[in-house]
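Single-structure report; data block below.
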Amino acid sequence: MSPIHQLPFEGTLPDSFFQIVDPLYVALPYQPLEDAAAVRQLFRQELERNDIVLFTDHAQLRLAGIFPESGRTAYFGFWETVDDVALNEAAFAQLQQAARQRGYTHLQGPLNFSTYHPYRLRLGSAPSWQQFDREPVNPAYYPGLLEQLGFAPVLTFESRLIAPATVPAVYQDKAALLAAVRSLPYEFLPLTPETWPEHEAALFELVHQVFSANPAYQPIPESQFRQLYNAGYAARLCPHTSVLLREKAHGRLVALSLCHPNYAPLQLGSEPPDFQRDYPRLPRKTLLAKTIGVHPDFRNQQLMSYLGAYGMLAFRELYDEAIFCLMRSDNFSLHFTDGLPAETAHYALYELPLT
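Residues in the sequence shown are numbered from 12 upward in steps of one, following the working numbering.
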């Protein structure tokens, strides 16, 4: 076994970071290539608020230890490895020691700095859809490796595929919601590349308010948010189902729903998806309900269900099926599809106590 090198990140990632190859893992055809330039930029940005240490043998394993300025939980991310318990025991032992020396009490991951970036593992075999856009995908042995190292799931998530045969039952079940959508004291503002800039600043604040109480949430600077979510990102959204909810009386944004087709079958690689260009080319129209949330001040008013109902208004004409993506297993949003036949994929974020 090659020795594990411990490399404090000081602004430069070694070339080997992008050359770790697992001979036992054949990537899915839809898996996008890692954007090395974007990853390097992200590491440099995050160095401003994290201590970062790389653990690698430069050939078969890479692991980033992330030590935030505040809090008592350390994180690991950018984990790529062969199916070798001893190799991972050596790397994680060094990571645990580094975390304990810095006073952290828990180690959690995989999480690439924040929940705005890739995190979690997919559990079990591949579902029928194989992979949707930006879904966590990993070799099947990853969860087992972590469990052998003493990690256990701390948060679990689900994605549910609603098949075409189930859609009529959804409409029947949600009929009252559908009838009430247009009479609510809220405006539905469709999100497009043209409308996104108008709401960008308010969107940043709304996203923070909606998700900041979630476990594992890490805030990011507004500049980083604008790099990730901007008019270019809005071009991928389905303009018929992606919407902001605004209070009519005071003009305050209270909820959002971001949905788009599953572009993965087009194998776009590094080319950004574009709804107008790519939707007609999709062999199967699958709607991804990706990010749906309500401001804490406006919860318990069925707004999550109304957002789902709004998306259904155009669903029958545009899509064959829908996947409700990456919902926390204890989250209220799961109730929209409760009782409906669905194919479910499972995911987890793992944690190891250090004391």
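Where a beta carbon is used, it is the ideal one built from N, C-alpha and C, also for glycine.
Contact between Ser13 and Asp68 holds, with the beta-carbon distance rounding to 4 Å and staying under 8 Å.
Rounded to the nearest whole angstrom, the C-alpha separation of Ala242 and Ser223 is 23 Å. DSSP places Thr177 in the helix class (H, G or I) of the three-state scheme.
For the pair of segments examined, the segment 322-341 was found to touch the segment 286-305: the number of CB pairs separated by less than 8 Å reaches three. Taken atom to atom, the span from the alpha-carbon of Ala246 to that of Phe286 is near 6 Å. Here His306 is actually not in contact with Gln229; their C-beta atoms are around 20 Å apart, not less than 8 Å. For Pro272, the closest of Tyr290, Ser281, Pro283 by C-alpha to C-alpha distance is Tyr290. Burial state of Lys301 is buried, judged by a 10 Å Cβ sphere holding 16 or more other Cβ atoms.
Contact between the segment 22-31 and the segment 45-60 is established, with three or more Cβ pairs separated by less than 8 Å. For a cut-off of 8 Å, the C-beta gap from Glu233 to Phe215 is around 5 Å, short enough to register as a contact.
The C-beta of Pro364 has fewer than 16 other C-beta atoms within 10 Å across all chains shown, which makes the residue exposed.
DSSP places Asn311 in no beta strand (DSSP E); its state is neither H nor E.
Per the DSSP secondary-structure output, Leu72 pairs in a beta bridge with Thr92. Around the CB of Thr366, fewer than 16 other CB atoms lie within 10 Å, so the residue is classed as exposed. Within a 10 Å sphere around the beta-carbon of Thr355 sit fewer than 16 other beta-carbons, which makes this residue exposed. In terms of Cβ geometry, Leu269 and Ile231 do not form a close pair [threshold 9 Å]. When the beta-carbon positions are compared, Leu74 and Tyr361 stay at least 9 Å from each other. DSSP places Arg295 in the coil class of the three-state scheme, outside both helix and strand. Gln17 and Gly76 have their C-alpha atoms some 10 Å from each other.
Arg237 and Ala47 have their C-alpha atoms some 19 Å from each other. DSSP places Glu233 inside the alpha helix (DSSP H), whose first and last residues are 233-239. Here Leu239 is exposed, its C-beta having fewer than 16 other C-beta atoms within 10 Å.
The segment 246-265 makes contact with the segment 316-327, as at least three CB pairs between them are under 8 Å. Within the segment 242-289, complete beta strand (DSSP E) segments of at least 3 residues are found at 254-258, 264-272, given in chain order. Per DSSP, reduced to three states, the secondary structure at Gly22 is coil, with no helix or strand assignment. Around the CB of Val265, 16 or more other CB atoms lie within 10 Å, so the residue is classed as buried.
Taken atom to atom, the span from the alpha-carbon of Asn123 to that of Thr84 is near 14 Å.
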